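J.:
As structure tokens, this is what we get:
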């Protein structure tokens, strides 16, 4: 089941490609990444994803030339999609940049160590069935660091948060810090409270989700009242609707939280409307976002 | 400058050994590690290091059989030391275990994915000169997650904290959370306050350092009063002495913090005494700790 991936300038079979044992991604989780939805060979919201990647590289001081790495990875994504016959239908591109391979020291390596650049792509099946019936979620303490706005590969807290819901057959962990629902382990969290669409503001405690931003824009366009203000976990349990958003999640109604029905226990009208608008939007927006050069 | 390392059951040249691009260490920082000081081929404090590694694996649910991995890595360390001609003098062994290579999902992989096991060893130069003159440090916000008691490779916050002091020619970042000095980016922090040796208690916010425990034991043996209680950053600046401890640090007097003298500005008598006792202790303890089978 080998596939073609891109690593440090070259396309290669995934089972032949290998990361150096001294790679700072492996030793420190010292890197940033993006996952981008692709429809018929075109990025969905390519520019904001690549901008976030560049901001992440700057945020962790990973490269003095983030723009050239963004350009390299954008080009590589097209080559990987084409090599894996993923230029039609739904796909997902994964990109990662680490601070490169160097003898292990906490401080940054010197001497022009080249960042490690990695791109892979897989077929993607949109979670339509779960979107129709609604997802279950479990609240979980948010133990993460205070720079969750950076999309780094220091993801062990997310991994450990995702495992209990996964083991229980639920779709997501809703992370709670100081009584506030910050976000999910790999999604942003929304609630509809007395008709207002609420979600955590973009602070250091959440990832500025690209789907989150799109959903807020669509909600405003539809004339909904929107409030970027923290949701108390107590409010979550009383919300009319709860939903989560993300690149691989789109808009996902949450109908069950901690073993109790959320909202009506069925996908709510606002979540369903926003999902529909979102899916239309990403289909229609393809031609205006970064079409990958091939 | 290739060296011999151990990876997944085999000794190999480091420049030939490669990590799978799907390794969860690389993609999530999903692993734990230890660094162990070695003198003349014997671990310094082998059992507590290997016990901490086992506890870390259990803490992140990395393996159902931590004991066999500990046994594997202990054996591998001996082989790596011997292969690199490090059986005499000072050396440092690095061990890392990750949750293995599997298609990327946050939740744990299923189907008996084998953990990745990695061991390397290098010559080690004890930091004697800096111990004699004292080290500089810089305070830095402690942005890390709330399970700093686990020695995981999610080390990006430590990397980012270490870089500013390193760039400024200082030795360590002293991490401050809510006005309290928790620990350093890769050391534990002690202060002598009105004759009492103080250090942060072992909570989820610090690593339970093995050198830390040894130094506390030696301090008690010497009749010093010891208090495991958080040090306020304000207290740090008024302390009689400040020092840091760690596997590659031993006991290191800190004589300069944020551009101001710490304590007298010279290595203090308690730090110097504890360093001397510690160095005697680890030399003498070699024969009673885990001698590596070769």
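Protein chains in written order, with our numbering: chain A, 655 to 948; chain B, 655 to 948. Quick reminder that beta carbons are idealized off the backbone N, C-alpha and C, glycines included. No experiment lies behind these values; they were computed from the predicted model shown.
Taking 8 Å as the threshold (beta carbon to beta carbon), is residue 820 of chain A in contact with chain B?
T.: With 8 Å as the cut-off, residue 820 of chain A counts as an interface residue toward chain B.
J.: If you drop the 5 nearest sequence neighbours on each side, which residues of the same chain put their C-beta closer than 6 Å to that of residue 806 of chain A?
T.: The residues are 686.
J.: What are the start and end residues of the alpha helix (DSSP H) that includes residue 918 of chain B?
T.: Taken as a continuous stretch (DSSP letters only), residue 918 of chain B belongs to no alpha helix (DSSP H), as it is neither H nor E.
J.: From residue 820 of chain B to residue 812 of chain A, what does the alpha carbon distance come to, in whole angstroms?
T.: Near 30 Å, if we compare the C-alpha coordinates of residue 812 of chain A and residue 820 of chain B.
J.: From the beta carbon of residue 656 of chain A, is the nearest beta carbon of chain B less than 8 Å away?
T.: Judged by the 8 Å Cβ criterion, residue 656 of chain A is not in contact with chain B.
J.: Using only the alpha-carbon positions, how far apart do residue 924 of chain B and residue 896 of chain B sit?
T.: If you take the alpha carbons of residue 924 of chain B and residue 896 of chain B, they lie about 10 Å apart.
J.: Would you say residue 734 of chain A and residue 659 of chain A are within 8 Å of each other, going by their C-beta atoms?
T.: It is a contact, given that the beta carbons lie within the stated cut-off.
J.: In angstroms with no decimal places, state the Cα-to-Cα distance between residue 875 of chain A and residue 889 of chain B.
T.: For residue 875 of chain A and residue 889 of chain B, the distance between alpha carbons rounds to 54 Å.
J.: Identify every residue that forms a DSSP beta bridge with residue 746 of chain A.
T.: Residue 746 of chain A pairs with A:691, A:776.
J.: In or out: residue 855 of chain B buried (at least 16 other Cβ within 10 Å) or exposed?
T.: The residue is exposed, with fewer than 16 neighbouring Cβ atoms inside 10 Å.
J.: For a contact meaning CB atoms closer than 7 Å, what does residue 735 of chain B contact in chain A?
T.: Within chain A, no residue comes near residue 735 of chain B; the closest Cβ sits about 17 Å away, beyond 7 Å.
J.: DSSP on residue 729 of chain A, reduced to helix/strand/coil?
T.: In the structure shown, residue 729 of chain A sits in a helix (DSSP, three-state: H, G or I).
J.: Is the number of C-beta pairs between the stretch 744-764 of chain B and the stretch 855-875 of chain B that are closer than 8 Å three or more?
T.: No, the stretch 744-764 of chain B does not touch the stretch 855-875 of chain B.
J.: Going by alpha carbons, who is nearest to residue 932 of chain B out of B:669, B:782, B:836, B:663?
T.: Of the candidates B:669, B:782, B:836, B:663, the one whose C-alpha sits nearest the C-alpha of residue 932 of chain B is B:782.
J.: Taking residue 834 of chain A as the reference, which of A:818, A:668, A:796 has the closest Cα?
T.: Per the Cα distances, A:796.
J.: What are the boundary residues of the alpha helix (DSSP H) that residue 703 of chain A is part of?
T.: Element bounds for residue 703 of chain A: 700-713.
J.: Quick one: which unbroken beta strand (DSSP E) runs of 3-plus residues sit fully inside the stretch 797-852 of chain B? Chain order, please.
T.: Fully enclosed beta strand (DSSP E) runs of 3 or longer: 826-831, 834-838, 842-847.
J.: Looking at residue 679 of chain A: is its Cβ nearer than 8 Å to the Cβ of residue 808 of chain B?
T.: No, the Cβ-Cβ distance between residue 679 of chain A and residue 808 of chain B is not below 8 Å.
J.: Counting along the chain, where does the alpha helix (DSSP H) carrying residue 900 of chain B start and finish?
T.: From DSSP, residue 900 of chain B is part of no alpha helix (DSSP H) but of the beta strand (DSSP E) over 895-900.
J.: Terminal residues of the continuous beta strand (DSSP E) containing residue 664 of chain B?
T.: Where residue 664 of chain B is concerned, the enclosing beta strand (DSSP E) stretches over 664-667.
J.: Please check the pair residue 920 of chain B and residue 713 of chain B, which I expect to be a contact at CB under 8 Å, by giving their CB distance rounded to whole angstroms.
T.: In fact, because the Cβ distance is near 40 Å, the residues do not count as touching under 8 Å.
J.: If you measure beta-carbon to beta-carbon, which residues of the stretch 834-860 of chain A are closer than 8 Å to chain B?
T.: Correct list: 839, 840.
J.: If the cut is a Cβ gap below 9 Å, which residues of chain B does residue 797 of chain A touch?
T.: Going along chain B in sequence order, the residues near residue 797 of chain A (Cβ under 9 Å) are 799, 800, 801, 858.
J.: Taking Cβ positions, are residue 849 of chain A and residue 879 of chain A nearer each other than 8 Å?
T.: Contact flag set, yes.
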